[in-house]
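Student:
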Amino acid sequence: FSYMKIKKIGTSAFENCVCIEQADFPEELEFLGGAAFAGCIGLKRVTFAEKCELKVISDHCFHGCKLLERIELPDLVEKVGVSAFSGCDSLRYISIPESCEQEPGIEELMNRSDVKVEVRALEENEKIGEEINEEICDEA
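Numbering (the numbering used here), first residue to last: 33 to 172.
#1: Do you know offhand how far Val-50's Cα is from Gly-137's?
#2: What are the partner residues of Phe-94, as DSSP defines its beta bridges?
#3: For Ala-153, which residues from the same chain have a beta carbon less than 7 Å from its beta carbon, with the 5 sequence-adjacent residues on both sides left out?
#4: Do Ala-45 and Glu-59 have their C-beta atoms closer together than 7 Å?
#5: Could you spell out the range, first to last residue, of the beta strand (DSSP E) harbouring Ile-126?
#6: Please classify Ser-118: is it buried, with 16 or more other beta-carbons within 10 angstroms of its beta-carbon, or exposed?
#7: Count the other CB atoms within 10 Å of the CB of Glu-150; is the residue buried (16 or more) or exposed (fewer)?
#8: Under 6 Å Cβ to Cβ from Glu-53, same chain only, skipping five residues before and after it: list those, please.
#9: For the alpha helix (DSSP H) that Glu-140 lies in, which residues bound it at each end?
#10: According to DSSP, which residues form a beta bridge with Ile-41?
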């Protein structure tokens with residue numbers, strides 16, 4: 033499963049596919065549906081293209097991926113649903129953008145003593161761009 037030009041992976045698309053060991057997501061990906069990879073007990077590695085456009089990781093998306101040890105979420109992620117990573121017993125590290133720090137799926141991980149959650153601050157240029165965008169929208 034690697035580098036297809038896809039924008040969305042739907043609900044339960046690969047649920048319980050025990051033979052999947054790795055998932056490499058393309059830049060175009062914007063949405064991961066509920067339980068899309070739930071129960072993929074062989075899944076060890078998840079990577080995202082450097083400029084991945086992913087914004088949503090839905091509820092239970094990676095639930096029960098027992099071998100997944102680490103994951104680095106793309107900078108544009110805004111929503112991480114309930115129990116998105118529950119049952120990921122081997123998960124020890126997750127890097128997230130500050131935009132999703134308060135999301136239910138991340139807060140659950142922050143409550144686990146065995147998982148290091150690294151929060152990445154937006155770069156100054158991105159913050160300036162957001163402020164300018166807000167000003168333009170307010171004036172309209």
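All residues carry an ideal CB built from backbone N, CA and C; glycine is no exception.
Tutor: Let me spell this out:
#1: Within the sequence shown, the letter at position 18 stands for residue 50. Within the sequence shown, the letter at position 105 stands for residue 137. The alpha-carbon atoms of Val-50 and Gly-137 are separated by roughly 23 Å.
#2: For the purposes of this step, residue 94 is taken as residue 62 along the sequence shown, with counting starting at 1. Partner(s): none; Phe-94 has no beta bridge.
#3: Position 121 of the sequence shown, counted from the start, is the residue given in the question as residue 153. For Ala-153, where only same-chain residues beyond five positions count, the Cβ hits under 7 Å are Glu-130.
#4: Taking the sequence shown and counting its residues from 1, one reaches residue 45 at position 13. Taking the sequence shown and counting its residues from 1, one reaches residue 59 at position 27. Not closer than 7 Å, so no.
#5: The residue labelled residue 126 in the question sits at position 94 within the sequence shown. First-last of the beta strand (DSSP E) with Ile-126: 125 to 129.
#6: For the purposes of this step, residue 118 is taken as the residue at position 86 of the sequence shown. The residue is buried, with at least 16 neighbouring Cβ atoms inside 10 Å.
#7: Mapped onto the sequence shown, residue 150 falls at position 118. With fewer than 16 Cβ atoms within 10 Å of its Cβ, Glu-150 is classed as exposed.
#8: Along the sequence shown, read from residue 1 onward, the residue named residue 53 stands at position 21. The residues are Gly-74, Lys-76.
#9: For this step, residue 140 is matched to residue 108 along the sequence shown. Here the alpha helix (DSSP H) through Glu-140 covers 136 to 142.
#10: Translated into positions along the sequence shown, residue 41 becomes position 9. Ile-41 is bridged to Leu-64.
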